[in-house]
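If you use this note's numbering, the sequence shown corresponds to residues 220 to 496, in order. All residues carry an ideal CB built from backbone N, CA and C; glycine is no exception.
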Amino acid sequence: MAEPAGHEHRTRRGPAAVVRRYPLTAYSVLLVALSWPAQLVLPLAVALVGPSVCAFVVVAVAGGRAGVRELWGRVLRWRVPGRYYAFAVAGLGAYLLGTVCAFTALLFPQQLVPRPVTELVLTALLNLPVLFVLVGLGEEFGWRGFVQDRLQHRHGPLAAAVLTGLMWAVWHVPLRIAENGWSAANLGWTVAGITSAAVVYAWLFNRTGGSVLLVALLHAGENTWMGSPFALLFDPGSPDFLFFVHTWNAFYVVLALLVVVLTRGRLGLPSGAIGER
């Protein structure tokens, strides 16, 4: 049957055509529209997977099955040197937790709650698999597999990491307000910490050939060490607890600056990769 006149024209101008032409904008709008309400009314485990779900929706519309296969294939990129696995699972978390503990022991020793090392390690190991699925895979197909990857081939890795970090921070706003209340300092340190994290994550993503698996492990590893072990060492009921959370963010900023300087802003992206997409 012949299609009605103007059908092709309407198709080209329909929602799918807009998504294909502006995939990042479509992703941002979809993510905020779906995830912000979800963070407030749905169980946290459901709300956390928003970034990856939205990425697959946009990729399916913009790139079809081939695009979905390419994005999913990034989690199968596991053949990377062991040092990157060590950094993802324990290295980053050990640096952040260790520096905050050392800082606290030096200046505010009374704030540390003594805990056996075995208790901290066991707690972390029990939480890691759950966080890998919910937080790592639930977010990293979106943030690194989709947003960082697309932005850096157009704007360069550092600008892409900063933009991704700002999007990531905005997505976290409802959750952070619910956890710690509204204040300029709280939101400022949240943005600084998450944007710095995006720089470090982008470096690992690029160094491992665009592996979503490794950045998902990194995300899970960081949240593991900042989760139960952090809460065991620093009393969440203390009026100073938020100060130590901001100290964690401050040391993240230091690490991100080191990564930028040592990589000269390339963040592990091979030369000539910009503009390939």
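Here Cys273 has Tyr246, Leu249, Leu250, Leu253, Ser254, Gly361 as same chain residues with Cβ atoms under 8 angstroms from its own Cβ, once five neighbours each way along the sequence are excluded. Annotated as distal: Phe453 and Val340, with beta-carbon spacing of 8 angstroms or more. With contacts defined by Cβ atoms closer than 8 angstroms, Val276 and Leu432 do not form a contacting pair.
Assigned with DSSP and collapsed to three states, Phe327 falls in coil, not helix or strand. By the C-beta density criterion, Leu377 is buried, having at least 16 other C-beta atoms within 10 angstroms. The C-beta separation of Tyr304 from Arg426 comes to about 12 angstroms, leaving the pair out of contact by the 8 angstroms criterion.
Between Leu488 and Val354, the gap from beta carbon to beta carbon reaches 8 angstroms or more. The continuous alpha helix (DSSP H) containing Phe275 extends over residues 269-292. Its chain contains Leu311, Gly312 as the residues whose beta carbon lies nearer than 6 angstroms to that of Glu441, once the 5 sequence neighbours on both sides are disregarded; these appear in chain order.
Contact annotation: Val238 and Val299 have beta-carbon atoms that are not nearer than 8 angstroms. Ranked by how close their Cα comes to the Cα of Tyr314, the residues Val480, Val381, Asn468 have Asn468 in first place. When the beta-carbon positions are compared, Trp444 and Ala343 come within less than 8 angstroms of each other. When rounded, the separation of the alpha-carbon atoms in Gln330 and Pro348 is 30 angstroms. Where Trp444 is concerned, the enclosing alpha helix (DSSP H) starts and stops at 431-445. Here Trp390 is buried: its Cβ has 16 or more other Cβ atoms, across all protein chains shown, within 10 Å.
When the five nearest sequence neighbours on each side are left out, the beta carbons in the same chain lying within less than 8 angstroms of the beta carbon of Thr318 are those of Phe470, in order along the chain.
For Gly484, there is no enclosing alpha helix (DSSP H), as DSSP marks it with neither H nor E. The criterion of a C-beta distance shorter than 8 angstroms is satisfied by Trp422 and Val478. Excluding its 5 nearest sequence neighbours in each direction, Gly429 has C-beta neighbours in its own chain below 7 angstroms: Arg293, Arg296, Asp368, listed in chain order. Taking a C-beta distance under 8 angstroms as the contact criterion, Leu370 and Leu382 qualify as a contact pair.
Taking C-beta atoms as the reference points, Phe463 and Thr323 count as a pair closer than 8 angstroms.
For Thr427, no alpha helix (DSSP H) encloses it, and the DSSP letter there is neither H nor E.
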